[in-house]
Amino acid sequence: MKVGRGRCAEDLHHFALVMGGMVSDWRAHAADSELSKLVEQLRPGELDSWLDAATPRLPETVRVNPCRSDAEWTRQTLLEMGAKSIGWFTGTGGAYTMPWEKARCENSEFIENIRSLHITGRITRQEAASMMPVQALDVQPGHRVLDLCAAPGSKTTQIAEALRGDGLVVANEPNPGRANNLVSNVQRSGHLNVVVVREDGRNFPRVAEPGFDRILVDAPCTGTGTTRKNTDVWAKWKPHHGEQMSRLQIGILSRAAMLLRPQGRMVYSTCSIDPAENEKVVEIILERFPWLSLADVNRSDIFPGLITRSGLTENTKQCIRVWNDENDGSGFFIAVFSQNEEDEVSARATRAHPRDIGKEPVPITPKPLGKMDLRLGDLDDQMLFNEWGMNEEGLTLWMRGQYAHISTDAIREWLWDAPRLTGKHHLYPGGHWQPLRVLQAGQPVWKIRKGRNRLISTGIHGLARRVTNYCMEIDRDLVIRLLNGEEPGRSTLAESFQSQRDGGILLVHENEFLPAWLAGKMSLMMTDAEKHILSLKLGLV
Numbered sequence: 299m300k301v302g303r304g305r306c307a308e309d310l311h312h313f314a315l316v317m318g319g320m321v322s323d324w325r326a327h328a329a330d331s332e333l334s335k336l337v338e339q340l341r342p343g344e345l346d347s348w349l350d351a352a353t354p355r356l357p358e359t360v361r362v363n364p365c366r367s368d369a370e371w372t373r374q375t376l377l378e379m380g381a382k383s384i385g386w387f388t389g390t391g392g393a394y395t396m397p398w399e400k401a402r403c404e405n406s407e408f409i410e411n412i413r414s415l416h417i418t419g420r421i422t423r424q425e426a427a428s429m430m431p432v433q434a435l436d437v438q439p440g441h442r443v444l445d446l447c448a449a450p451g452s453k454t455t456q457i458a459e460a461l462r463g464d465g466l467v468v469a470n471e472p473n474p475g476r477a478n479n480l481v482s483n484v485q486r487s488g489h490l491n492v493v494v495v496r497e498d499g500r501n502f503p504r505v506a507e508p509g510f511d512r513i514l515v516d517a518p519c520t521g522t523g524t525t526r527k528n529t530d531v532w533a534k535w536k537p538h539h540g541e542q543m544s545r546l547q548i549g550i551l552s553r554a555a556m557l558l559r560p561q562g563r564m565v566y567s568t569c570s571i572d573p574a575e576n577e578k579v580v581e582i583i584l585e586r587f588p589w590l591s592l593a594d595v596n597r598s599d600i601f602p603g604l605i606t607r608s609g610l611t612e613n614t615k616q617c618i619r620v621w622n623d624e625n626d627g628s629g630f631f632i633a634v635f636s637q638n639e640e641d642e643v644s645a646r647a648t649r650a651h652p653r654d655i656g657k658e659p660v661p662i663t664p665k666p667l668g669k670m671d672l673r674l675g676d677l678d679d680q681m682l683f684n685e686w687g688m689n690e691e692g693l694t695l696w697m698r699g700q701y702a703h704i705s706t707d708a709i710r711e712w713l714w715d716a717p718r719l720t721g722k723h724h725l726y727p728g729g730h731w732q733p734l735r736v737l738q739a740g741q742p743v744w745k746i747r748k749g750r751n752r753l754i755s756t757g758i759h760g761l762a763r764r765v766t767n768y769c770m771e772i773d774r775d776l777v778i779r780l781l782n783g784e785e786p787g788r789s790t791l792a793e794s795f796q797s798q799r800d801g802g803i804l805l806v807h808e809n810e811f812l813p814a815w816l817a818g819k820m821s822l823m824m825t826d827a828e829k830h831i832l833s834l835k836l837g838l839v
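Note that the sequence shown covers residues 299 to 839 in my numbering.
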């Protein structure tokens, strides 16, 4: 019995258990599921085609980070492993399909390569359909972008890549555990213009004028388009689930509508095929917010070569539906909104209420920052720049506990310095994060302990070339020794090492930067993944 390309025995067994039957009758159970009944309603006579593509494992797909200096090397490494370019993806880094199913690569060398490329932020392992919303958002350098439902962070990093360091991303996640995952992914990517916050998207605080140029609402959903990776959805999904979820989706999207500046763009997306979470939500938003309209987008221009369908109702024809049997991926829904107010210059959530126009706002004294809150670095902290001879142009230093973070100035200027007006006509004066709960800004770059500091290998991407002090050129032989785990004594090293103070240093070999610690002996301060990548570049593995 043919069950779809590459379907393996353990997947079929789990699928059969979920459906309450034996492997041999999985098709009958699937065809009789509530989900299949929904597909038959939406696409009469096409259920068999959809079922054929609804169970095979997804292929492994990745996105290259174009902001890394070795992006071209990364692309070539992927191609040597058999990667094929995803034709409809137009991002500058490129996206690729690997020649194996997700989490099913049998080549141990390739497994380690992909793992290390992802951990070090050179690629992001991301489902292809998940890359579509950001592409539809049309992010340009200089934009202020809000990713309102950001975890785990793949779309956040995709937005940051589109900005190319100019502009900023506010990545929001209300759940503490998922927010920590978001922070980890942002740190992995190395972008300095991302700030992570933890807020309920339905009540996201006001920001400074003019509001956001772009907003992405990749909303929580029932996941009915994810049958290829989430077999539980076959048995667990019920028709009323979409209606229940839509209340949350409408609440989040309604707040986003208030934060979008005039002539701005907002994308709403779900990995659901249920109209209750898609077209019905869009129609409610259009009725509730008359300054919004669906953008007149050309689907073939946004996703060249991708097979798409329009929305299901007359009012949602401009929406985009992607079906798993027409493309090698998951089901997805995308709506692109435009903010059409021509005479206004800022988002509705940044303006004074009409009743308060002409009145002086009431100043608010922000709450003092806690011990572990991210704070702006003081003059003593700024000495880190001087100590390392780092060009600080365009950069802001932040402190939290033992870590010094660096972000772009754009984050400080718009989210820290700028005053914010509340809905009650109170004014936060600036010089504080409030009313936002900020978890991270930019990247942690130094760890400070007992008065000494060292560079963090995951935080120096894009900054290493700014460092002029404590930089030591080393040859290939010493690099190999260090990668093999040797910790040579200081006295055995070149004369230039003898006069260095104890502490962190930056080793340099042919445009590769290796953070290290120098005292009586010298030790690499790099993750195993970074060591593997360097070994790969040097032809040692």
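The C-beta atom is built at its ideal place from N, Cα and C for all residues, glycine as well.
Apart from sequence neighbours up to five positions away, the residues of its chain that approach Trp686 with a beta-carbon distance below 7 Å are Val765, Asn767 and Tyr768, ordered along the chain.
Assignment of Asp826 by DSSP, reduced to helix, strand and coil, places it in the helix class.
Between Phe510 and Arg420, the CB-CB gap reaches or exceeds 7 Å. For Val765, there is no enclosing beta strand (DSSP E), as DSSP marks it with neither H nor E. By the CB criterion at 7 Å, Val565 and Val634 fall inside the cutoff. Setting aside the 5 residues that flank it on each side, Pro560 is surrounded in the same chain by Gln637, Glu639 and Glu642, each with a C-beta closer than 6 Å to its C-beta; the list follows chain order. Per DSSP, the unbroken beta strand (DSSP E) holding Lys745 starts and ends at Gln741 to Arg747. Ser636 sits in a strand when the DSSP states are folded into three classes. Residues Val468, Phe510 and Ile513 of the same chain have their beta carbon placed closer than 6 Å to that of Leu444, with the five preceding and five following residues left out of the count. In the structure shown, Leu667 adopts coil according to DSSP, grouped into three states. In the structure shown, Ile704 falls within a strand segment according to DSSP collapsed to helix, strand and coil.
Unbroken alpha helix (DSSP H) runs of no fewer than 4 residues, entirely contained in the stretch 761 to 824, are found at 774 to 781 and 793 to 796, following chain order. The C-beta distance from Gly627 to Gly385 rounds to 13 Å, too long to fall under 8 Å, and the pair is not in contact. Here the stretch 409 to 428 makes contact with the stretch 825 to 836; the two share three or more CB pairs at distances below 8 Å.
The beta strand (DSSP E) runs lying completely inside the stretch 537 to 576 and spanning 3 residues or more are 558 to 568, given in chain order.
Between the stretch 616 to 624 and the stretch 348 to 364, the count of Cβ pairs shorter than 8 Å is three or higher; the stretches touch. Non-local C-beta neighbours of Ala739 in its own chain, meaning closer than 7 Å and more than five positions away in sequence, comprise Val493, Leu672, Trp696, His703, Ser705 and Ile709, ordered along the chain. Residue pairing for Phe510: DSSP places it in a beta bridge opposite Leu558. Excluding residues up to 5 positions away in sequence, Val531, Trp535, His539, Gly540, Met543, Ser570, Asp572 and Glu575 lie with their Cβ nearer than 8 Å to the Cβ of Thr520 in the same chain.
Annotated three-state conformation of Trp398 is strand, per DSSP.
In this structure, Ala645 lies near Leu557, with their beta-carbon atoms less than 7 Å apart. Between Gly451 and Val495, the CB-CB gap reaches or exceeds 7 Å. Beta bridge pairing from DSSP links Leu834 with no other residue. Apart from the 5 residues on each side of it in sequence, Leu466 sits with its Cβ closer than 6 Å to the Cβ of Arg442, Asn491, Ala708 and Ile709 in its chain, given in chain order.
Taking a cut-off of 8 Å for Cβ pairs, the stretch 726 to 733 and the stretch 766 to 786 do not touch, as fewer than three such pairs fall below it. The three-state secondary structure of Val481, taken from DSSP, is helix. His724 carries a strand assignment under DSSP once its states are collapsed to helix, strand and coil. C-alpha of Asp654 to C-alpha of His723: approximately 7 Å in a straight line. Our two residues, Val432 and Ile457, have alpha carbons roughly 6 Å apart in a direct line. In this structure, the CA atom of Gly499 is about 8 Å from the CA atom of Gly549. Judged by DSSP secondary structure, Asn751 falls within the beta strand (DSSP E) whose first and last residues are Arg750 to Leu753.
Counted as a single uninterrupted DSSP element, the alpha helix (DSSP H) harbouring Val337 occupies residues Glu332 to Leu340. Under the DSSP assignment, Val620 falls in the beta strand (DSSP E) whose first and last residues are Ile618 to Val620.
Residue state for Trp686 is assigned as coil, using DSSP reduced to three classes. Thr422 is bridged by DSSP to Arg361.
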